[in-house]
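Below: the structure, in structure tokens.
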Amino acid sequence: MAVIEVWGAHVAVRYADRRLVTTPLRADNEAALDIAVAELSRIALATTDDDKLAMLLFFRSAQVSVHGAPTDRHPVPVFLETGVREQAQVLVRAVERDLISLRRVFPPRPNLIPPRPVPGPNGSQRPDVTAAAARMRYAGNSVREIEILHGCARPDEYVLELAQAGHEGAPGLVAITTLRLLFVSAWAVYEFPVAVLTGAEVRTAPGQVVTLRVSGAGAELDFLDWDPVDFGRVAEALRLACEIEHVDGSIAQSLPSSADLFGEWQLLVERRKLGMVADDPFRRQAVGIMLAMPG
889 MAVIEVWGAH VAVRYADRRL VTTPLRADNE AALDIAVAEL SRIALATTDD
939 DKLAMLLFFR SAQVSVHGAP TDRHPVPVFL ETGVREQAQV LVRAVERDLI
989 SLRRVFPPRP NLIPPRPVPG PNGSQRPDVT AAAARMRYAG NSVREIEILH
1039 GCARPDEYVL ELAQAGHEGA PGLVAITTLR LLFVSAWAVY EFPVAVLTGA
1089 EVRTAPGQVV TLRVSGAGAE LDFLDWDPVD FGRVAEALRL ACEIEHVDGS
1139 IAQSLPSSAD LFGEWQLLVE RRKLGMVADD PFRRQAVGIM LAMPG
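The numbering of the sequence shown is the numbering used here, which starts it at 889 and goes up by one.
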């Protein structure tokens, strides 16, 4: 990225390579900051009562030490003159863009590019469907349903796993793709978008049928079989599909969360009750927690 610099009368601020560095311009002030942008939760500009411009640095952790003391979640100000506001705004926007890119989640994934159909003895066949069927323990029991799935799998989705299953009294095949949960029977195909699903679990009990319970949209779908192995693979694939749909490319929550801050508040109050924190540190930390609250 380009180097961005803001020069004031008493301090210079330089931002490059995701590091924010402040350099004092007076010999009697040796204090300086050298901060990785990953240590920040946010950055903002504010005007003080005496018309100075303050660049406020909010850190992700209350334990970050600045000038030899922990911040206690208080923003650390870098004071500038109001005449450099436009330069400071450019710098702040650059930091904000980098903060967003650092929070973007791109977990490693297997190659899930939907394959092209290939000729087969009964028409076109999908290699991903064929591979998933080969992992089934009882694929021979679902030949008709597998053939139907070859035809109804969409060109923009990858078929992850299959398992024979019963659903509401009908025998068939449950399939999870990167976009849909499918139940394929000899009479109909039912689909449920991954976007509305939240998870799956396999329930087993001695001497009883095995249940694959899929949750989503405030409801639960139960699929039944006699062996948990295939259901276990389908459940894992469903979790992967949900993760891809709901997480990949999204903005991960910036620490601390509201729950983290509430836990810090409870601990602070308990320590105050036990006499472990004096009045002034208590007030400072309490204000810092309030300032760090989202919104």
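Heads up, the beta-carbon is just placed ideally off N, CA and C, and yes, glycines get one too.
As the structure is a computational prediction, the values presented were derived from the model and not from experiment.
query                                                                                                                    : result
Three-state secondary structure (DSSP) of S929                                                                           : strand
Bounding residues of the beta strand (DSSP E) (the contiguous stretch that carries G1008)                                : V1006 to G1008
The beta strand (DSSP E) enclosing I1034, as first and last residue numbers                                              : No beta strand (DSSP E) contains I1034, which is instead part of the alpha helix (DSSP H) from V1031 to C1040.
L1070 versus V993 - alpha carbon distance                                                                                : 28 Å
Given 8 Å, three or more beta-carbon pairs between the segment 1081 to 1091 and the segment 1122 to 1136                 : yes
Assigned secondary structure, E1152 (DSSP; H/G/I helix, E/B strand, else coil)                                           : helix
Distance between I988 and E893 (C-alpha atoms, nearest Å)                                                                : 21 Å
Range of the contiguous beta strand (DSSP E) that encloses V1175                                                         : It is not in any beta strand (DSSP E) - V1175 instead sits in the alpha helix (DSSP H) that spans D1167 to A1180.
Three or more C-beta pairs below 8 Å linking the segment 1041 to 1056 and the segment 1019 to 1031                       : yes
Whole-number beta carbon distance between L945 and I923, since they are thought to touch under 8 Å                       : 7 Å
Cut-off 6 Å between Cβ atoms - residues of its own chain near R902, not counting five sequence neighbours on either side : E893 and V909
Selected residue, minimal CA-CA separation from W895, among S953, P1007, A976 and R907                                   : A976
Enclosing beta strand (DSSP E) for A1013 [first to last residue]                                                         : It should be pointed out that residue 1013 corresponds to Gln in this sequence rather than to Ala. Q1013 -> beta strand (DSSP E) spans G1011 to Q1013.
With 16 other Cβ atoms within 10 Å as the buried cut-off, status of P1144                                                : buried
Whether L1074 touches G1057 by CB criterion (9 Å)                                                                        : This sequence places Ala at residue 1074; Leu is not what is there. In this structure, G1057 does not lie closer than 9 Å to A1074 by Cβ.
Residue span of the beta strand (DSSP E) that contains H1055, given as start and end                                     : V1047 to H1055
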